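Q: These protein sequences, in sequence, are chains A and B. With this note's numbering applied, the first sequence corresponds to residues 1 to 405, in that order. With this note's numbering applied, the second sequence corresponds to residues 406 to 810, in that order. Glycine residues also receive a C-beta, built at the ideal position from the N, C-alpha and C atoms. Because the structure is a prediction, the values reported are computed rather than measured.
Number of protein chains: 2
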Amino acid sequence: MTAFRVGLLGHGTVGSAFRSLLQERADEVEATTGLRPEIAGVLTRSSGDLEEIVAASDLVVELIGGVEPARDYVLRALGSQKHVVTANKALLSKHGEEIYDAARAAGVQLRFEAAVGGVVPVIRVIHETLAAAHIDRVHGIVNGTTNFILTEMERTGVSYDEALHEAQGLGYAEADPTDDVTGRDAAAKMAILARLAFGARVSVEDVSYEGIENLTGQDIAHARELGLSLKLVGTAERVDGGLSVRVHPTFLFGAHPLASVNGSFNAVTIESPAITEVTLSGPGAGGSQTASAVLGDVVSAMIPPATLPPPPVDLPLVTDVESAFYLHLEVADTPGVLAQVAEILGLQGVSVKSVVQHGLGADARLEMVVHRVLESKFLAAVELIGRLEFLRSRPRVIRVIEETF
Amino acid sequence: MTAFRVGLLGHGTVGSAFRSLLQERADEVEATTGLRPEIAGVLTRSSGDLEEIVAASDLVVELIGGVEPARDYVLRALGSQKHVVTANKALLSKHGEEIYDAARAAGVQLRFEAAVGGVVPVIRVIHETLAAAHIDRVHGIVNGTTNFILTEMERTGVSYDEALHEAQGLGYAEADPTDDVTGRDAAAKMAILARLAFGARVSVEDVSYEGIENLTGQDIAHARELGLSLKLVGTAERVDGGLSVRVHPTFLFGAHPLASVNGSFNAVTIESPAITEVTLSGPGAGGSQTASAVLGDVVSAMIPPATLPPPPVDLPLVTDVESAFYLHLEVADTPGVLAQVAEILGLQGVSVKSVVQHGLGADARLEMVVHRVLESKFLAAVELIGRLEFLRSRPRVIRVIEETF
Numbered sequence: 001m002t003a004f005r006v007g008l009l010g011h012g013t014v015g016s017a018f019r020s021l022l023q024e025r026a027d028e029v030e031a032t033t034g035l036r037p038e039i040a041g042v043l044t045r046s047s048g049d050l051e052e053i054v055a056a057s058d059l060v061v062e063l064i065g066g067v068e069p070a071r072d073y074v075l076r077a078l079g080s081q082k083h084v085v086t087a088n089k090a091l092l093s094k095h096g097e098e099i100y101d102a103a104r105a106a107g108v109q110l111r112f113e114a115a116v117g118g119v120v121p122v123i124r125v126i127h128e129t130l131a132a133a134h135i136d137r138v139h140g141i142v143n144g145t146t147n148f149i150l151t152e153m154e155r156t157g158v159s160y161d162e163a164l165h166e167a168q169g170l171g172y173a174e175a176d177p178t179d180d181v182t183g184r185d186a187a188a189k190m191a192i193l194a195r196l197a198f199g200a201r202v203s204v205e206d207v208s209y210e211g212i213e214n215l216t217g218q219d220i221a222h223a224r225e226l227g228l229s230l231k232l233v234g235t236a237e238r239v240d241g242g243l244s245v246r247v248h249p250t251f252l253f254g255a256h257p258l259a260s261v262n263g264s265f266n267a268v269t270i271e272s273p274a275i276t277e278v279t280l281s282g283p284g285a286g287g288s289q290t291a292s293a294v295l296g297d298v299v300s301a302m303i304p305p306a307t308l309p310p311p312p313v314d315l316p317l318v319t320d321v322e323s324a325f326y327l328h329l330e331v332a333d334t335p336g337v338l339a340q341v342a343e344i345l346g347l348q349g350v351s352v353k354s355v356v357q358h359g360l361g362a363d364a365r366l367e368m369v370v371h372r373v374l375e376s377k378f379l380a381a382v383e384l385i386g387r388l389e390f391l392r393s394r395p396r397v398i399r400v401i402e403e404t405f
Numbered sequence: 406m407t408a409f410r411v412g413l414l415g416h417g418t419v420g421s422a423f424r425s426l427l428q429e430r431a432d433e434v435e436a437t438t439g440l441r442p443e444i445a446g447v448l449t450r451s452s453g454d455l456e457e458i459v460a461a462s463d464l465v466v467e468l469i470g471g472v473e474p475a476r477d478y479v480l481r482a483l484g485s486q487k488h489v490v491t492a493n494k495a496l497l498s499k500h501g502e503e504i505y506d507a508a509r510a511a512g513v514q515l516r517f518e519a520a521v522g523g524v525v526p527v528i529r530v531i532h533e534t535l536a537a538a539h540i541d542r543v544h545g546i547v548n549g550t551t552n553f554i555l556t557e558m559e560r561t562g563v564s565y566d567e568a569l570h571e572a573q574g575l576g577y578a579e580a581d582p583t584d585d586v587t588g589r590d591a592a593a594k595m596a597i598l599a600r601l602a603f604g605a606r607v608s609v610e611d612v613s614y615e616g617i618e619n620l621t622g623q624d625i626a627h628a629r630e631l632g633l634s635l636k637l638v639g640t641a642e643r644v645d646g647g648l649s650v651r652v653h654p655t656f657l658f659g660a661h662p663l664a665s666v667n668g669s670f671n672a673v674t675i676e677s678p679a680i681t682e683v684t685l686s687g688p689g690a691g692g693s694q695t696a697s698a699v700l701g702d703v704v705s706a707m708i709p710p711a712t713l714p715p716p717p718v719d720l721p722l723v724t725d726v727e728s729a730f731y732l733h734l735e736v737a738d739t740p741g742v743l744a745q746v747a748e749i750l751g752l753q754g755v756s757v758k759s760v761v762q763h764g765l766g767a768d769a770r771l772e773m774v775v776h777r778v779l780e781s782k783f784l785a786a787v788e789l790i791g792r793l794e795f796l797r798s799r800p801r802v803i804r805v806i807e808e809t810f
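Spelled out as structure tokens, the structure:
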């Protein structure tokens, strides 16, 4: 067994989540890569020695956050020819060129998927899209806190202050939410994306930004009247032979791919003539999601991602699965119709969630939604129902995917 | 200059689009990879010799489609230790194991991003997600033809036949649409995704599927009544220690990430406890989109995707850009208010798209949307408007992104 030694800098929420996840997934990572990942050492505020940890590592994960001492530590790891994985958007948006130059000079990998977009793999997709397409524009909802607040204001009509308070209660906003609500966090992320997508030097200081602190319920009401959706949108785009990078509250037309991104989700749309547009969306960064993005980077640094599936495992194919169903019956309005249908469903263990009768007399229709049940049981019941004499046409069945939370 | 020689099998719509795109992007690919891509030979129905083309190539692109002779050609290319890029879902969903085994035995890359999801990079994201997360479920709208037809039925109330006819007229459906409308095409793609995400042997023959041919406008009306969206959904999920793969018309709850995927778009949602869910969406396969996905695979085969941005290029940062704007004014209802506001906007070259007055007398509000204009001009106009004596509060300005087509 060959070990792949990971030095961990920082042991806060994300750092400890990453450490647990690495241990939890070590067997599978070893099966995929042929190398067993091990923590070579952990640097916290009060313990651990940077030089020793870097020397003992093949790769260093930086999860301290903020500019210093993270900048110094990352540069020292790169200077020692160690791969680096970081989630540090403040560092990269401010000192990106210095870090990228150091990684290039050292000939090592620098991966930072977790710095932008939570679990949404936007960094990889831009890297790989670039190879084949010329990107014209990137739009992003890259701050989950502000998207949660705007969604709550829209959904429940609460004020900005109430929505912020709710976000804080749920852990979606920090006690000091300044960086998020002023748009500065989103500006840092857009600087990183713009540097990547367009190749130009972009620092967070180059990004004009405006936050959501002054938005009112009325603004949201106006958006609705106009059929628009109010979001904090980051934009990086080619303009007149140059590049514009900015973050603003923005009304989006209803069919825009970002218009339906709600709650604490992040999403990024990449536009290019060759591909039209691709949108990626998923939960914004929580501790476990960020840890998962970091681990993905670590594994990719260990070996290049596979290009074909590994040899197959034995996993039996299941053909009879549970689903909720919609059932539509055209019936002659015989007394007792619903009772007979319900009896058959009940005998097969099918539980009715809702039923509506439309029409009267010979034109009556029953529309039912049933709870999740094994397909075989439901279809057996439908087969029996189809034989009932008062049915005017074959029962219509459509599967239903409902909210599970 | 070192050449990277690409043998092209098939010269139909996608093959010729790929050949043009490769020539168009050769300089940029060379700048990225250090290798200049060149077409080593083209095999068409009437010209070219397979053995010669394979012998002269570093990588073979198979765009013939269908099972034979594509299978034979791909196996021969792999047998000659050449990397292969293919968009052939029929081949991989039927003979995937044989092809994967051959690629593994030859120690070469096999890439097939273009086989599923159009430009949506779902194959890469699953490969890379797998490294760090255990996937529980994949849901996909993986057939653009059927999604276009369902969207048209929902949007305009036309019948299935009318929507199909419209799709054929627009090139979204083939003259013989059987493979698409029966769900078989989606079943093939779900077989490929399931093999990849869950590691189990899955052939298209293992996938139960149902198409959209029998759906009616009434089904769509019922969906709307229930707040649901009717889509052709492919599902691959772990169930009771096994795997279920299936394609069915399905009612989705409104907030499901696939519920708002409309027109000929494709989208895939990947669910895992570690990442919650990630959704990727974009246009389904057209010739140029598929060609772009194929080129992305070719470039990735040439060199592994970068992990950090290349040295920066000179691209000036533009701070004054065009945008459409929403402008909200609280005014005392003075005669001539609108005239004065309009005059100021007009002098700055700002063109009003719509204006609505709410309220009366001292409570009047004007809500305007203006066409795209340079931000500096619009903000200068707002500055002047803000000084007008009849204004009761500061003007409120929010950017607008509108439909551009």
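1) With distance defined between alpha-carbon atoms, name the residue in A:Glu62, A:Glu403, A:Val42 and A:Phe18 nearest to Ala660 of chain B.
2) With a threshold of 8 Å on Cβ separation, who are the neighbours of Ser781 of chain B within its own chain once the five nearest residues in sequence on each side are excluded?
3) Can you tell me the Cβ-Cβ gap for Pro715 of chain B and Gly199 of chain A, rounded? I've got them flagged as a contact below 8 Å.
4) Please name the residue, chosen from A:Ala187, A:Gly282 and A:Leu252, that lies closest to Pro662 of chain B on a Cα-to-Cα basis.
5) Taking Ala332 of chain A and Arg392 of chain A to be in contact with their CB atoms under 8 Å, please state how far apart those CB atoms are, rounded to whole angstroms.
6) List, in order along the chain, the chain B residues whose C-beta lies closer than 8 Å to that of His222 of chain A?
7) Against Tyr505 of chain B, what residues of chain A qualify as contacts under a CB-to-CB distance less than 7 Å, listed in chain order?
8) Buried or exposed: where does His58 of chain A fall if 16 or more other Cβ atoms within 10 Å of its Cβ makes it buried?
9) Which first and last residues belong to the beta strand (DSSP E) in which Val321 of chain A is found?
10) Which term fits Gly96 of chain A, buried or exposed, when burial requires 16 or more other beta carbons within 10 angstroms of its beta carbon?
11) So what does DSSP say about Phe112 of chain A, is it helix, strand or coil?
12) Have a look at the DSSP bridge pairing and note the partners of Ala596 of chain B.
13) Could you check whether the Cβ of Ala104 of chain A sits closer than 9 Å to any Cβ belonging to chain B?
14) When DSSP labels each residue in this structure, what does Val426 of chain A get in the three-state scheme?
15) Tell whether a beta-carbon distance below 9 Å holds between Val138 of chain A and Phe112 of chain A.
16) In the DSSP assignment, find the unbroken beta strand (DSSP E) run with Ala267 of chain A in it and report its ends.
17) Helix, strand or coil, according to DSSP, for Gly439 of chain B in the structure here?
18) Which value, in whole angstroms, describes the spacing of the CA atoms of Leu388 of chain A and Val369 of chain A?
19) Keeping to the same chain, check which residues put their C-beta closer than 7 Å to that of Ala494 of chain B; ignore five residues upstream and five downstream.
20) How close, in whole Å, do the beta carbons of Leu110 of chain A and Thr712 of chain B come, if the pair is a contact with beta carbons under 8 Å?
21) How far does the alpha helix (DSSP H) with Ile398 of chain A in it extend, from its first residue to its last?
22) Opposite Arg410 of chain B in the DSSP bridges: which residues?
23) Rounded to whole angstroms, what is the Cα-Cα separation between Glu610 of chain B and Glu618 of chain B?
24) With burial defined as no fewer than 16 other Cβ atoms inside 10 Å of the residue's Cβ, what is the status of His653 of chain B: buried or exposed?
25) Leaving out five residues before and five after Ser46 of chain A in sequence, what residues of the same chain have Cβ atoms less than 8 Å from its Cβ?
26) In chain order, what residues of the same chain have a beta carbon less than 7 Å from the beta carbon of Thr151 of chain A, not counting five sequence neighbours either side?
27) By the 10 Å Cβ neighbour count, where 16 or more other Cβ atoms means buried, how is Arg394 of chain A classified, buried or exposed?
28) With H, G and I counted as helix, E and B as strand and the rest as coil, what does DSSP make of Arg797 of chain B?
29) Kindly confirm or deny that the segment 264-278 of chain A and the segment 117-127 of chain A touch, where touching means at least three C-beta pairs closer than 8 Å.
30) Please state whether DSSP places Gly470 of chain B in a helix, a strand or coil.
31) Quick one, which of A:Gly34, A:Leu170 and A:Tyr209 has its alpha-carbon nearest Thr178 of chain A's?
32) In whole angstroms, what separates the C-alpha of Arg560 of chain B from that of Glu429 of chain B?
33) Any residues in the segment 136-156 of chain A with a beta carbon nearer than 8 Å to a beta carbon of chain B? Which ones, in chain order?
34) Could you tell me if His763 of chain B is buried or exposed, where buried requires 16 or more neighbouring beta carbons within 10 angstroms of its beta carbon?
35) With Thr13 of chain A and Gly346 of chain A assumed to form a contact (beta carbons below 8 Å), what rounded beta-carbon distance in angstroms separates them?
36) Restricting to Cα atoms, I'd like to know which of B:Gly689, B:Gln694 and B:Gly470 is closest to Pro273 of chain A.
A: So, to answer that:
1) Taking the first residue of the second sequence as position 1, residue 660 of chain B is located at position 255. When only C-alpha atoms are compared, the closest one is A:Glu403.
2) Numbered from 1 along the second sequence, position 376 holds the residue referred to as residue 781 of chain B. Excluding sequence neighbours, Ser781 of chain B sits near Asp725.
3) On the second sequence, position 310 is the one that residue 715 of chain B refers to. On the first sequence, position 199 is the one that residue 199 of chain A refers to. Contact flag correct, Cβ pair sits at about 6 Å.
4) Locating residue 662 of chain B in the second sequence gives position 257, where the first residue counts as 1. With distances taken between Cα atoms, Pro662 of chain B lies closest to A:Gly282.
5) For this step, residue 332 of chain A is matched to residue 332 along the first sequence. For this step, residue 392 of chain A is matched to residue 392 along the first sequence. Correct: roughly 6 Å between the Cβ atoms.
6) Translated into positions along the first sequence, residue 222 of chain A becomes position 222. Under the 8 Å cutoff, chain B gives Tyr731, His733 and Glu772.
7) As a first step, residue 505 of chain B must be located in the second sequence, where it is residue number 100. Those are Leu308 and Pro309, listed as they occur along chain A.
8) Position 58 of the first sequence, counted from the start, is the residue given in the question as residue 58 of chain A. Reading off the sequence shown, one finds Asp at residue 58 of chain A, where the question assumed His. Answer is buried; the Cβ neighbour count reaches 16.
9) Locating residue 321 of chain A in the first sequence gives position 321, where the first residue counts as 1. Neither: Val321 of chain A is in no beta strand (DSSP E) and is coded neither H nor E.
10) Here the question's residue 96 of chain A lines up with position 96 in the first sequence. Buried, by the Cβ-count rule.
11) Reading the first sequence from its first residue, position 112 is the one you call residue 112 of chain A. DSSP places Phe112 of chain A in coil when its eight states are reduced to three.
12) Looking up residue 596 of chain B in the second sequence gives position 191. In the DSSP output, where bridge partners are listed per residue, Ala596 of chain B has none listed.
13) Your numbering for residue 104 of chain A matches position 104 in the first sequence. The residue you asked about is not Ala; residue 104 of chain A is Arg in the sequence shown. Answer yes: the Cβ-Cβ gap between Arg104 of chain A and chain B drops below 9 Å somewhere.
14) Absent from the structure is residue 426 of chain A, since the part of chain A shown begins at 1 and ends at 405.
15) Numbered from 1 along the first sequence, position 138 holds the residue referred to as residue 138 of chain A. Numbered from 1 along the first sequence, position 112 holds the residue referred to as residue 112 of chain A. For Val138 of chain A and Phe112 of chain A, no; Cβs fall outside 9 Å.
16) As a first step, residue 267 of chain A is located in the first sequence; it is residue number 267 there, counting from the start. Its beta strand (DSSP E) spans residues Phe265 to Ser272.
17) Along the second sequence, read from residue 1 onward, the residue named residue 439 of chain B stands at position 34. Coil, per DSSP.
18) For this step, residue 388 of chain A is matched to residue 388 along the first sequence. For this step, residue 369 of chain A is matched to residue 369 along the first sequence. Rounded to the nearest angstrom, the two C-alpha atoms are 19 Å apart.
19) By 1-based counting over the second sequence, the position of residue 494 of chain B is 89. The question names Ala, but residue 494 of chain B is Lys in the sequence shown. The residues are Ala520, Val521, Ala593, Lys594 and Ile597.
20) Against the first sequence, residue 110 of chain A aligns to sequence position 110. Against the second sequence, residue 712 of chain B aligns to sequence position 307. Confirmed, about 6 Å.
21) Position 398 of the first sequence, counting from 1, holds the residue named residue 398 of chain A. That residue, Ile398 of chain A, is in no alpha helix (DSSP H); its beta strand (DSSP E) goes Arg396 to Ile401.
22) Taking the first residue of the second sequence as position 1, residue 410 of chain B is located at position 5. The partner list for Arg410 of chain B (beta bridge, DSSP) reads B:Glu443.
23) The residue labelled residue 610 of chain B in the question sits at position 205 within the second sequence. The residue labelled residue 618 of chain B in the question sits at position 213 within the second sequence. Taking the straight line joining both Cα atoms gives about 20 Å.
24) On the second sequence, position 248 is the one that residue 653 of chain B refers to. His653 of chain B comes out buried.
25) The residue you call residue 46 of chain A lines up with position 46 of the first sequence. Once the five neighbours on either side are set aside, Ser46 of chain A has no close Cβ partner at all.
26) Within the first sequence, residue 151 of chain A is the residue found at index 151, counting from 1. Excluding positions up to five away in sequence, the list reads Asn262 and Gly263.
27) Residue mapping note: residue 394 of chain A aligns to position 394 of the first sequence, counting from 1. It counts as exposed.
28) Numbered from 1 along the second sequence, position 392 holds the residue referred to as residue 797 of chain B. It is coil, neither helix nor strand.
29) yes
30) Here residue 470 of chain B refers to the residue found at position 65 of the second sequence. Looking at Gly470 of chain B - three-state DSSP - the assignment turns out to be coil, as it is neither helix nor strand.
31) Against the first sequence, residue 178 of chain A aligns to sequence position 178. Of A:Gly34, A:Leu170 and A:Tyr209, the residue nearest in Cα terms is A:Tyr209.
32) Numbered from 1 along the second sequence, position 155 holds the residue referred to as residue 560 of chain B. Numbered from 1 along the second sequence, position 24 holds the residue referred to as residue 429 of chain B. Arg560 of chain B and Glu429 of chain B: Cα-Cα distance of roughly 38 Å.
33) His139
34) The residue you call residue 763 of chain B lines up with position 358 of the second sequence. Its Cβ having fewer than 16 others within 10 Å, His763 of chain B is exposed.
35) Numbered from its first residue, the first sequence carries residue 13 of chain A at position 13. Numbered from its first residue, the first sequence carries residue 346 of chain A at position 346. Not really, about 49 Å apart at Cβ, beyond 8 Å.
36) Numbered from its first residue, the first sequence carries residue 273 of chain A at position 273. Out of B:Gly689, B:Gln694 and B:Gly470, B:Gln694 has the C-alpha closest to the C-alpha of Pro273 of chain A.
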